[in-house]
Structures are given as C-alpha cells and as structure tokens.
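Each residue of the sequence shown is one higher than the one before, starting from 41 at the first, in our numbering.
Note that CB positions come from ideal geometry on N, CA and C, so glycine has one too.
Everything numeric in this text was worked out from a predicted model, so none of it was measured.
Take a look at the structure below.
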Amino acid sequence: GRGIMQYAGGDVYDGEWKAGKKEGRGVYRFADGEVYEGEFKADEYEGRGVFRHASGDVYDGEYKAGKREGRGVYRFANGSVYDGEFKAGTREGRGVERYADGAVYEGERKAGKKDGRG
41 GRGIMQYAGG DVYDGEWKAG KKEGRGVYRF ADGEVYEGEF KADEYEGRGV FRHASGDVYD
101 GEYKAGKREG RGVYRFANGS VYDGEFKAGT REGRGVERYA DGAVYEGERK AGKKDGRG
C-alpha cells in the first residue's frame, strides 16, 4: 500500500509499503534537509534514485542494498561532475570527472581514487 510515516526525529517517508517496510517508489525527507527520491526494497535504497545532500551535492543513479552501486552521476556543489560507475557507495570502475576548474579525468577509479588507466 501507500502511506506517510513521520518519525520522532523529524524525518518523513511518503511512499509505498509492503509488510511494514518501505518497498517500491517513495520520498524520504531527512530532518536536516537531505532528500532521497526513488526506489526502496526492504527499507533500503534499491534500484534507481536521486539523493540531494544538505551540502548541495546531488547523486542520480543506481543503488543496491542502500549504497550507490552501478551507474550514476554525482554533481558536487562546487560544480564538479562525476559520471560513471560506483561500487559499495564510492566511485569505482570507469568514469569521467569534469572538475569545476575545467580539468577532466577520464579513466579508472578504485576506492574513489584514480587508479589504473586514465
């Protein structure tokens, strides 16, 4: 079904539920202003989603077990943009990062750091 849950700490979830857990499409608004809009499975981010951080950073891409996993675009508040692969929440695999100063890195990353062929 569909419903809205207001948590004691100020967070609000508006979306689909199944067996008492967030499941399907929904919007989770954190009390600090952060917002996740996308797919849930068993109370975790799973599938496609957009996360807007309080800092102004925005991630638009795939999630698995609550973490950034697969293909996505991360836009930093400073103007830099990373478009590529993520694993376990960090930039890992092939991607392109365009920095705010105009510099561009295209290549591999491991644990969020430039690694391998670039």
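Nearest candidate by alpha-carbon position, reference residue i, set the options
| i | options | result |
| --- | --- | --- |
| Ser95 | Glu86, Asp123, Gly43 and Tyr114 | Tyr114 |
| Arg138 | Gly119, Asp100 and Gly49 | Gly119 |
Per-residue burial, residue i [other beta carbons within 10 Å of its own, 16 or more giving buried]
| i | result |
| --- | --- |
| Lys62 | buried |
| Glu146 | exposed |
| Gly108 | The sequence shown places Arg at residue 108, rather than the Gly named in the question. When all chains shown are included, Arg108 counts as buried. |
| Arg42 | exposed |
| Tyr47 | exposed |
Close-in-space but distant-in-sequence residues of the same chain around residue i (CB under 8 Å, 5 per side omitted)
| i | result |
| --- | --- |
| Glu132 | Glu125, Phe126, Arg149, Lys150, Ala151 and Gly152 |
Supposed contact pair residue j and residue i - C-beta distance, whole angstroms, cut 8 Å
| i | j | result |
| --- | --- | --- |
| Asp54 | Val67 | 5 Å |
Same chain, Cβ closer than 6 Å to residue i, five either side skipped, listed in chain order
| i | result |
| --- | --- |
| Gly64 | Glu56 |
| Gly87 | Glu79 |
Close Cβ partners of residue i (< 7 Å) along its chain, the five nearest in sequence each way excluded
| i | result |
| --- | --- |
| Asp72 | Ala94 |
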